[in-house]
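Shown next, in structure tokens, is the structure this report addresses.
Residue numbers (this note's numbering): 516 to 790.
Here it is in structure tokens:
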């Protein structure tokens, strides 16, 4: 029997192969058994209020050489990085990239940096406590390399109307990415809550259709980029016509994605390209 076909996406000339869905270890690049027990065990709240005062202060980096060994490398950012296995796996798959994980839960950030050191990728992978919505503009303005990938995966959906201002994808975040992402860069959005996925997609269209366009995909592989949508009509959004991706084009899963798929749930994904 022929081996199952792998799905591939290329980011800045680097090829990422999607692993098989039934792989026993969702993160085969990581020697997880070797690092479990060597880093701090953490307990953290599932939900943290992103609007609390300490998270309204933008994270700024005065000297990127103190963060990464070579700050001229292209940059990938995981917004709401959680435990960090996705980012650390990506660090192994993209050896020519710097990786930055942002999260508002301090214990996870501290353990992520411990794991990066144990896996010996800490020269290129760093975790920071930050509210990405208010920090991305300041961070990216000083980064000397190119921003080529941003992922926003399974954010808190914040269903209640009075809590929608807590959502990660706000106009200021979209504007920061539009202003700082290099042409050809990618934004990957996904959620197991369709309403949350739709809200992220729609905000990017409303606030950033001049800069981004959706990447259409068939079930088998990522297709060529679709035509740019132009100026966003407020009355009727068009990006919904591109649909959602049926598989993860990056080939690396978050902890939440692994759990949802193991439980037979659905994931709603979209890939956007910087024009």
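Even for Gly, the Cβ is constructed at its ideal location relative to N, Cα and C.
- Non-local C-beta neighbours of residue 782 in its own chain, meaning closer than 8 angstroms and more than five positions away in sequence, comprise 705, 706, 707, 763, 772, 775 and 776, ordered along the chain.
- The beta carbon of residue 789 is closer than 7 angstroms to those of 696, 697, 698, 699, 700, 726 and 727 in its chain, skipping five residues each way along the sequence.
- About 13 angstroms separates the beta carbons of residue 583 and residue 628, which is beyond the 8 angstroms limit, so they are not a contact pair.
- Residue 551 sits exposed, since fewer than 16 C-beta atoms from the chains shown fall within 10 Å of its C-beta.
- The beta strand (DSSP E) runs lying completely inside the stretch 610–662 and spanning 3 residues or more are 613–618 and 640–644, given in chain order.
- Excluding sequence positions up to five before and after residue 637, its CB lies within less than 8 angstroms of the CB of 628 and 631, all in the same chain and listed in chain order.
- A straight line joining the alpha-carbon of residue 688 with that of residue 761 spans about 26 angstroms.
- In this structure, residue 611 lies away from residue 599, with their beta-carbon atoms at least 7 angstroms apart.
- Inclusion of residue 666 and residue 593 in the CB contact set at 7 angstroms is warranted, their separation being smaller than that value.
- In this chain, the beta strand (DSSP E) harbouring residue 592 covers 590–594.
- Look at residue 721 here: in three-state DSSP terms it is helix.
- With respect to residue 606, residue 635 sits apart: the two C-beta atoms are not nearer than 7 angstroms.
- In this chain, the beta strand (DSSP E) harbouring residue 698 covers 696–706.
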